[in-house]
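Participant: Before I ask anything, here is the structure I am working with.
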């Protein structure tokens, strides 16, 4: 009877050791999975930030086109000062969108860990939006001197 109880105890110990090994392996797998989910979340955050930047630029380009269009299409429909005011407001809004897009993109706060996806270089964003600012200023000068 004592041997039988001893055998049961040994068997229980072996089962417990196997179970503990499985738990350790399972915990490692869960930790790797959580790390990967965190990494993918960082990538999604970066991509969402870039979509927001694109939305700012898209809105700015639409406002710039609307400013030019307002000057061209509304000249014969409403008084000149109103057309000029609408065009100026739209173009200034476009300039704001170009600045806000770069500012928001460069002032991002991506929490650790860093995403696998590379960031757009800041100099590219500043150069591109700087060109758009100059274009907007040229359009504004053209509308004011016309």
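Residue numbers (this note's numbering): 128 to 273. All residues carry an ideal CB built from backbone N, CA and C; glycine is no exception. In this text, all values refer to a predicted model and were calculated from it rather than measured experimentally.
1) Compute the Euclidean distance between the alpha carbons of residue 200 and residue 189, then round it to the nearest angstrom.
2) Check for me: the alpha helix (DSSP H) holding residue 272 runs from which residue to which?
3) What are the boundary residues of the alpha helix (DSSP H) that residue 222 is part of?
4) Which value, in whole angstroms, describes the spacing of the CA atoms of residue 179 and residue 219?
5) So, helix, strand or coil for residue 203, using DSSP?
6) Using only the alpha-carbon positions, how far apart do residue 187 and residue 264 sit?
Facilitator: On the basis of the supplied data:
1) 15 Å
2) 249-272
3) 207-233
4) 20 Å
5) coil
6) 13 Å
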